[in-house]
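Residue numbers (UniProt numbering): 1 to 699. Note that beta-carbon positions come from the ideal geometry of N, C-alpha and C, so glycine has one too. Notes for the one structure printed next.
What follows is the structure in structure tokens.
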């Protein structure tokens with residue numbers, strides 16, 4: 001038997017049903033016995049929505065009013081009545097089982113499942129399997145219109161069924177016509193058999209994903225704006241009614257390994273993906289979620305893995321994964337099992353634990369734990385921020401994709417990590433920022449923080465051929481992060497003018513980017529903290545007398561900064577020349593070379609510095625220019641770092657770390673030249689330690 005079902009919401013109707021999150025207000029159904037070709041009683045039930053504000057389209061099409069709906073029953077009671085009335089009709093027809101049949105997929109997938117999920121009550125099993133009348137009709141009549149173009153009216157017209165929509169109540173005509181279409185499909189000329197129903201997955205299935213898999217880009221979406229604490233199950237609940245592929249939810253992490261509010265979701269086919277896109281700006285709690293298309297390559301980059309250890313850990317299906325963060329580095333498997341306790345047993349005991357380690361085997365303080373059911377996982381989450389050893393432990397829900405991401409990130413970390421981006425990035429000596437008043441440059445403002453050189457070149461289109469070699473400069477802030485600005489050096493002022501006119505407020509990754517024509521001099525003003533827009537140029541704060549501290553009225557050629565805090569950078573690449581240098585008598589006897597322009601760091605403003613041309617990720621620690629080295633050495637007779645030297649910056653040292661601990665940490669590395677002790681101001685005691693066994697030396 002079939003139960004022909006039709007419904008309507010308080011909002012959009014037809015192809016947009018359910019896309020606006022409006023609640024169900026009408027259900028109409030009738031039982032059809034496919035063998036005897038008999039029908040049961042036709043039932044129509046109004047549903048009382050929480051929000052009775054009906055859209056104009058709904059009022060016009062359905063003829064319903066808020067007053068009439070206010071007297072109806074809520075959805076949970078209407079569904080109970082539905083089950084009872086269908087059962088009684090089946091008994092009258094001598095049948096016991098049935099399958100739903102609806103006009104398309106929207107009523108079941110986009111209305112009933114999402115709404116009941118938000119209202120926290122379960123649908124009966126009959127709503128997880130149904131026949132799509134449009135697909136069945138197209139199978140029976142291949143020469144009819146495409147499935148996506150079918151409606152009840154077009155199907156009836158194709159069969160020549162003479163029905164008048166105006167003669168019946170809204171919903172009643174639709175169900176009667178659907179029943180007539182079904183009987184036509186069962187006639188001797190067609191003998192159509194309803195054998196392959198559509199299915200809705202009961203729950204999301206977790207599982208690993210290999211980088212060797214092929215993922216169809218037409219099945220992947222990106223969800224943005226998720227609460228940071230949301231899990232894969234929360235995302236699956238947001239897409240309730242749609243079939244997500246096994247292991248198809250991948251939460252994205254930022255560079256610190258924390259969730260960034262985005263996720264990539266892979267569906268079983270493109271039809272499900274298209275339905276998911278209709279949930280753009282639907283709500284998860286009080287937050288609206290943006291839904292966009294994504295690619296299979298992006299999904300594999302986040303969710304794919306190659307580690308056999310991870311594959312074995314994730315091979316146990318339908319497990320709840322919890323991430324533990326902040327574990328003591330000395331924590332063992334027994335310590336973690338003891339911390340969790342008997343009330344939340346780990347699946348497989350020690351086999352259900354996965355410690356995250358660096359390539360050299362050192363622990364990172366993270367671990368993943370498997371639990372066989374939600375109850376055990378909830379018990380574990382109650383231990384959030386409880387103490388293990390002397391540290392509090394954070395516990396979060398996790399996903400198979402997050403396990404892959406975290407392991408990929410740490411396992412790809414080199415044994416000697418790359419130095420972080422310096423506070424003041426530098427430009428290689430062969431390429432310097434142009435100066436002068438010729439307006440042959442453009443400034444890009446408002447770039448997405450994820451934008452790279454390739455994105456800028458694509459943004460500029462045909463104008464990329466007019467960019468000077470190495471003329472793209474990404475601008476970073478004092479923390480070494482993208483500031484959202486970039487400067488482009490063009491081959492001529494005319495080319496810069498054309499680019500500014502053509503690309504101003506053009507879109508890049510869902511953001512519009514402002515483009516201003518400027519000169520090299522204006523570019524340097526902006527790098528010093530000034531502002532440049534279409535209204536003109538405002539000088540940087542350091543040029544304003546009121547912001548110039550009297551104590552720094554004069555500057556010396558080689559600025560004197562404590563050596564422990566200084567680093568060596570290419571001077572001409574950072575800031576333009578400041579005031580006329582003068583000698584200072586207050587200089588300490590031993591200094592490290594630092595460019596005169598660095599005196600601007602004393603000013604009360606936020607400075608921005610250009611990143612290396614073309615390669616914003618390049619980190620350059622360059623020695624001082626030979627001429628400046630010679631001048632400084634002649635003037636002050638202080639030792640300068642030689643050309644082959646290199647500096648290493650250490651972050652995260654314990655506060656009580658001494659010289660001996662640092663030397664011991666670098667034991668075994670190549671030692672520095674004999675004059676290395678002049679690089680740092682040292683006490684006699686520290687110098688004697690540093691001059692001890694040379695195999696300790698690290699700089």
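* Write down every uninterrupted run of the beta strand (DSSP E) in the segment 252–338 whose length is 3 residues or greater and which is fully enclosed by it, in chain order. => If you keep only unbroken beta strand (DSSP E) runs of at least 3 residues inside the segment 252–338, you get 259–267, 282–284, 287–293 and 320–325.
* Asked: What does a CB cutoff of less than 6 Å around residue 389 pick up in its chain, not counting 5 residues either side in sequence?
  -> Result list for residue 389: 328, in chain order.
* Whole-number beta carbon distance between residue 264 and residue 294, since they are thought to touch under 8 Å -> Rounded, the Cβ-Cβ distance is 6 Å, consistent with contact.
* **Residues bridged to residue 518 (per DSSP)** => The partner list for residue 518 (beta bridge, DSSP) reads 441.
* To do: Using the Cα positions of residue 106 and residue 16, report the straight-line distance between them to the nearest angstrom.
  => Straight-line Cα distance between these residues: approximately 8 Å.
* Check whether the Cβ atoms of residue 441 and residue 490 lie closer than 8 Å to each other. => Residue 490 sits close to residue 441, with the two beta carbons spaced by under 8 Å.
* **Simplified DSSP state of residue 173, which is helix, strand or coil** => In the structure shown, residue 173 adopts helical secondary structure according to DSSP, grouped into three states.
* **Through-space distance from residue 134 to residue 150, alpha-carbon basis** => Answer to the nearest angstrom: the Cα atoms are 6 Å apart.
* To do: Put residue 202 into one of helix, strand or coil per three-state DSSP.
  => Looking at residue 202 - three-state DSSP - the assignment turns out to be coil, as it is neither helix nor strand.
* Determine the extent of the alpha helix (DSSP H) in which residue 132 is found, giving its start and end residues. => Looking at the DSSP string, residue 132 is not in any alpha helix (DSSP H); the run it does join, the beta strand (DSSP E), is 129–132.
* CB-CB length for residue 298 against residue 220, believed under 8 Å -> Sure, about 7 Å apart at Cβ, within 8 Å.
* Please report the residue range of the alpha helix (DSSP H) in which residue 68 lies. => Its alpha helix (DSSP H) spans residues 66–70.
* Asked: Do you know how far the Cα of residue 391 is from the Cα of residue 398?
  -> Going from the Cα of residue 398 to the Cα of residue 391 covers about 21 Å.
* What number of angstroms, rounded off, separates the C-alpha of residue 288 from the C-alpha of residue 504? -> Cα-Cα distance, rounded: 30 Å.
* To do: Rounded to whole angstroms, what's the CA-CA distance from residue 447 to residue 26? Just pull it up for me.
  => Going from the Cα of residue 447 to the Cα of residue 26 covers about 47 Å.
* Taking the alpha-carbon positions, what's the residue 277 to residue 218 distance? -> In a straight line, the C-alpha of residue 277 is about 11 Å away from that of residue 218.
* residue 649 in three-state terms, based on DSSP -> Correct three-state label for residue 649: coil.
* Does the pairing of the segment 164–183 with the segment 345–361 give three or more beta-carbon distances under 8 Å? -> Not touching, per the Cβ criterion.
* Rounded Cβ spacing between residue 516 and residue 500 (contact assumed at less than 8 Å) -> That belief holds up - the Cβ atoms of residue 516 and residue 500 are roughly 6 Å apart, short of 8 Å.
* Asked: Does the segment 229–238 come close enough to the segment 174–183 to have 3 or more Cβ pairs within less than 8 Å?
  -> With contact defined as three or more Cβ pairs closer than 8 Å, the segment 229–238 and the segment 174–183 are not in contact.
* **Between the CA atoms of residue 248 and residue 266 - distance to the nearest angstrom** => Taking the straight line from one Cα to the other gives about 5 Å.
* For residue 142, which three-state DSSP category applies? -> When secondary structure is reduced to three states using DSSP, residue 142 falls in the coil class, being assigned neither helix nor strand.
* Going by Cα to Cα distance, which pick from 366, 337 and 209 is closest to residue 257? -> For residue 257, the closest alpha carbon among the candidates 366, 337 and 209 is that of 366.
* Contact set for residue 48: own chain, Cβ-Cβ below 7 Å, skip 5 residues either direction -> Answer for residue 48: 69, 70, 72, 73 and 74, listed in chain order.
* What did DSSP end up calling residue 374 once you bin it into helix, strand or coil? -> In the displayed model, residue 374 falls within a helix according to three-state DSSP.
* Segment limits, alpha helix (DSSP H) that includes residue 4 -> Per DSSP, residue 4 lies in no alpha helix (DSSP H); the unbroken beta strand (DSSP E) holding it starts and ends at 2–9.
* To do: Mark residue 103 as exposed unless 16 or more other C-beta atoms lie within 10 angstroms of its C-beta, in which case mark it buried.
  => Classification of residue 103: buried, given that the 10 Å Cβ count is 16 or more.
* Same chain, Cβ closer than 8 Å to residue 254, five either side skipped, listed in chain order -> Spatial neighbours of residue 254 in its own chain (CB-CB distance under 8 Å, excluding positions within 5 residues in sequence) are listed in chain order as 260.
* Exposed unless 16 or more other CB atoms sit within 10 angstroms - verdict on residue 635 -> Its pLDDT being 49, under 50, residue 635 is placed unreliably by the model, and the measurement read from it follows with that caveat. Exposed.
* To do: Keeping to the same chain, check which residues put their C-beta closer than 8 Å to that of residue 192; ignore five residues upstream and five downstream.
  => Apart from the 5 residues on each side of it in sequence, residue 192 sits with its Cβ closer than 8 Å to the Cβ of 136, 139, 140, 185 and 186 in its chain, given in chain order.
* Do the segment 199–214 and the segment 25–39 touch if we need at least three Cβ pairs shorter than 8 Å? -> The segment 199–214 is not in contact with the segment 25–39.
* For the candidate residues 497, 444, 525 and 472, whose alpha-carbon lies nearest to that of residue 511? -> For residue 511, the nearest C-alpha among the options comes from 444.
* Drop a sphere of 10 angstroms on the beta-carbon of residue 228, count the other beta-carbons inside from all chains shown, and report buried for 16 or more, exposed for fewer. => Counting Cβ neighbours within 10 Å, residue 228 comes out exposed, since fewer than 16 surround it.
* To do: State the beta-bridge partners of residue 101 as determined by DSSP.
  => For residue 101, which the question treats as bridged, DSSP gives the partners 4 and 131.
* **For residue 18 and residue 110, believed in contact at Cβ under 8 Å, the rounded distance** => Separation of the CB atoms of residue 110 and residue 18 is rounded to 3 Å, and the pair is thereby assigned contact status at 8 Å.
* For residue 367: DSSP bridge partner residues -> Bridge partners of residue 367: 324 and 355.
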